[in-house]
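One structure is given below, encoded as structure tokens.
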Amino acid sequence: MNAVEPVRIRPGFPSLAWIRQMLATAGRRRGEILAMLGTVSTPAVNLVYGLLVFRNMTPEMAGLVATAAILPFYLTFLNFGVLNGQQRELPFALGAGDRERANRILQTASQVSLAAGTVGALVCVGTGLISLLLKKPPLLVLAFCGAGLGAFAYQVVTHTDIALRSENRYLRQAWAVIGTNLISLVTCALIPIAGTLGAIGRGALSSLGSLAVRWRTGLWTPGGRWNLQEARALSRTGLPLMISGALASLLMVADRTMVAVLLPKQEMGEFQLAGMIVNSLTFVPTSLSLILFPKIARAYGEHRSRRRLRRYVWISLLFNTATLIPVSALCFFIIGPVVERFFPAYAPGIPAARLACVTCVFWVYLGVGSVIGVINRMTPYLCALGAVLVIIFGASAWLIHLGHGIMGAAIARLIGTAILCVFTILYSLHLTSSEIAEPADKEGHAAG
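Numbering (our numbering), first residue to last: 42 to 489.
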């Protein structure tokens, strides 16, 4: 009887196996990947918008539009933490299989987003009417009215996108973001046609478009039932997150606010170079954090272990470092030649824009702090945010008073961002350094 010849396994190609594994992973995570790509496409659209503004509008007119655009950043708190509570509690409810509470959260958050958006729009329109009475330029009045649509859309879009991510409908959320960006990109054509008026119209149409592409998700139900008890519970849970988000929004415009208040509109327009860079590059880390937050919340709802959340800190930090540093360096070196060649009227803003590129390196902390919100140990972080805001406002005013102009505001932003970056990373690592297992409270989530 012949012996069975042993089967010889031919060596494979590890590279092909690795590629197949990568493709399989990409297939399973296509929703998350497309959602991230959709969010990253936002700065590309903002770049096109900025270039068209610099090409077709004077610094004074650009400063006028930018001044009105600051106001909605000061109105993000109007949902009183309900939408922030939704961001934390909806994944918990879905993770626990409590569909009844999940539906109650969705309906309540829909009502709150409608009310908050309406109040925000009225505040912007009211500010425009006051500007009219004070005999400010008519275009400023229109810009405030256009900002009102943005303030309304912000609340509704925030609620809807949180719900989509919480339900793992990343593919649908990705198409909503991409659709919004396509509308924003197409409406940029109004700027070469109508100048400042076109820029205002573009902002209004983009806000309406962002609502339209989310209308059929079924998650925004303004005619649903109002549950006061649930609203209070969401607000109580989300209040620290809301304060954090509101302070973070102010952090984005603190330097520009001081420039708008203390310097002429022309210098505000020149400072838009720095603002464009900051607004564009923050979407790199934000795109990842928007995807990771509901995943962190679900994971924490399952095992309640802080230590097991540390991997998300490293994922955020490594991704942000690998993307932000090269992109910031590229912007630093090309901003000067590009502006001098194509937008010479904005050349005085180049030094502040270069300093903004350095500031963007410190955005690596964005997303790292998501574990702070999930673990619900927000007080030290909120104190740090408040202190940094005071530093930026105060240092900006002081340096501008000393004659440093827009460079003074850029320096203040750099100092404040660097301080917050170091604190957030160290605090996140501290919170995830132990094996503490948080007990579940009677509402089914970790005690705060």
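We put the CB at the ideal spot given by N, CA and C, even for glycine.
Leaving out the 5 sequence neighbours to the left and right, which residues in its chain are closer than 6 Å to S154 when beta-carbon positions are compared? Taking the sequence shown and counting its residues from 1, the one referred to as residue 154 is at position 113. Once the five neighbours on either side are set aside, the close Cβ partners of S154 are Q196, V197 and H200.
How long is the line joining the alpha carbons of K483 and A134, rounded to whole angstroms? To locate residue 483, count along the sequence shown from 1; it is residue 442. To locate residue 134, count along the sequence shown from 1; it is residue 93. Its pLDDT being 41, under 50, K483 is placed unreliably by the model, and the measurement read from it follows with that caveat. Distance between the alpha carbons of K483 and A134 is about 13 Å.
Go ahead and pull the three-state DSSP assignment for R206. Here the question's residue 206 lines up with position 165 in the sequence shown. Helix.
Can the beta-carbon of A192 be found closer than 8 Å to that of P113? The sequence position of residue 192 within the sequence shown is 151, counting from 1. The sequence position of residue 113 within the sequence shown is 72, counting from 1. A contact, by the Cβ cut-off of 8 Å.
For M419, which of helix, strand or coil comes out of DSSP? For this step, residue 419 is matched to residue 378 along the sequence shown. Coil.
Output yes or no for whether 8 Å exceeds the beta carbon distance between R297 and A107. The residue labelled residue 297 in the question sits at position 256 within the sequence shown. The residue labelled residue 107 in the question sits at position 66 within the sequence shown. Yes, the pair counts as a contact, with Cβ atoms nearer than the cut-off.
Would you mind listing the beta strand (DSSP E) stretches within the segment 100-174 that are 3+ residues and don't spill past its ends, in chain order? none
Between T465, L92, I232 and S411, which has its C-alpha nearest V379's C-alpha? Here residue 379 corresponds to residue number 338 of the sequence shown, with the count starting at 1. It is L92 whose Cα lies nearest to the Cα of V379.
Between which two residues does the alpha helix (DSSP H) holding R382 run? On the sequence shown, position 341 is the one that residue 382 refers to. It spans R351 to F383 - the alpha helix (DSSP H) in which R382 sits, taken as one unbroken run.
Any contact between the segment 381-393 and the segment 236-248? By contact I mean 3 or more CB pairs, one from each, below 8 Å. At 8 Å Cβ cutoff, the stretches do not touch.
So, is L359 buried or exposed, given that buried needs 16 or more other C-beta atoms within 10 angstroms? In the sequence shown, the residue the question calls residue 359 occupies position 318. Classification for L359: exposed.
Is the segment 426-435 in contact with the segment 278-297, if contact means three or more CB pairs nearer than 8 Å? yes
For T228, I'd like the list of residues in its chain whose CB is within less than 7 Å of its CB, leaving aside the five on either flank, ordered along the chain. As a position in the sequence shown, residue 228 is number 187, starting the count at 1. Within the same chain, T228 has close Cβ partners R243, L246 and S247.
Taking the C-alpha atoms as reference points, what is the distance between G169 and A162? Residue mapping note: residue 169 aligns to position 128 of the sequence shown, counting from 1. Residue mapping note: residue 162 aligns to position 121 of the sequence shown, counting from 1. Each residue's alpha carbon lies about 11 Å from the other.
Please work out which residues of its chain come closer than 8 Å, Cβ to Cβ, to I50, disregarding the five sequence neighbours upstream and downstream, and give them in chain order. Residue 50 sits at position 9 when you count from the first residue of the sequence shown. With a pLDDT of only 47 at I50, under the threshold of 50, the placement of this residue in the model should not be trusted; the figure read from the coordinates follows. Close CB contacts of I50 within its chain, under the 8 Å cut and outside five residues either way in sequence, are absent.
Count the CB pairs spanning the segment 170-178 and the segment 216-230 that are closer than 8 Å, and state whether there are at least three. no
Could you spell out where the alpha helix (DSSP H) holding C462 opens and where it closes? On the sequence shown, residue 462 is found 421 positions in, with the first residue counted as 1. Start and end: G446 to L472.
Shorter than 8 Å from the beta carbon of A143 to some beta carbon of chain C? This model lacks chain C altogether; it includes just one protein chain.
To the nearest angstrom, how far is the alpha carbon of L472 from that of S437? Here residue 472 refers to the residue found at position 431 when the sequence shown is read from its first residue. Here residue 437 refers to the residue found at position 396 when the sequence shown is read from its first residue. When rounded, the distance between both Cα atoms is 32 Å.
Can you tell me which of M317, I413, L105 and A274 puts its alpha carbon nearest to the alpha carbon of R145? On the sequence shown, residue 145 is found 104 positions in, with the first residue counted as 1. It is A274.
Bounding residues of the alpha helix (DSSP H) (the contiguous stretch that carries L407): In the sequence shown, the residue the question calls residue 407 occupies position 366. Careful: L407 lies outside any alpha helix (DSSP H) and carries neither H nor E.
Residue range of the alpha helix (DSSP H) that includes R277: As a working mapping, residue 277 is identified with position 236 in the sequence shown. Residues L269 to L303.
Measure the C-alpha to C-alpha separation of A394 and K177 and round it to an integer number of angstroms. Stepping through the sequence shown from its first residue, residue 394 is reached at position 353. Stepping through the sequence shown from its first residue, residue 177 is reached at position 136. Cα to Cα, the separation comes out at about 29 Å.
Nearest candidate by alpha-carbon position, reference L350, set E381, I416 and P367: On the sequence shown, residue 350 is found 309 positions in, with the first residue counted as 1. It is I416.
Selected residue, minimal CA-CA separation from N97, among G239, V402, V368 and R382: Against the sequence shown, residue 97 aligns to sequence position 56. Checked all of G239, V402, V368 and R382; the closest Cα to N97 is G239.
Taking just the CA atoms, how far does Y90 sit from P233? As a working note, residue 233 is residue 192 in the sequence shown. As a working note, residue 90 is residue 49 in the sequence shown. About 11 Å.
Apart from the five residues on each side of it in sequence, which residues of its chain come closer than 6 Å, Cβ to Cβ, to G122? Numbered from its first residue, the sequence shown carries residue 122 at position 81. Within its own chain, the residues whose Cβ lies closer than 6 Å to the Cβ of G122, once the five positions on either side in sequence are excluded, are S276, G279, L280 and M283, listed in chain order.
Judging by CA-CA distance, which residue of R129, G138 and V166 is the nearest neighbour of L116? Along the sequence shown, one-based indexing puts residue 116 at 75. Cα-wise, what sits closest to L116 is V166.
Measuring from the CB of I111, is there a heavy atom of the ligand NAP at a distance below 7 Å? Summarising the ligand content, the structure contains no ligands, and the ligand NAP is consequently not present.
Ordered list of alpha helix (DSSP H) runs contained in the segment 180-252, each at least 4 residues: 211-228
Let me know the secondary structure DSSP gives K176 once reduced to three states. In the sequence shown, counting from the first residue as 1, residue 176 sits at position 135. Three-state result, K176: coil.
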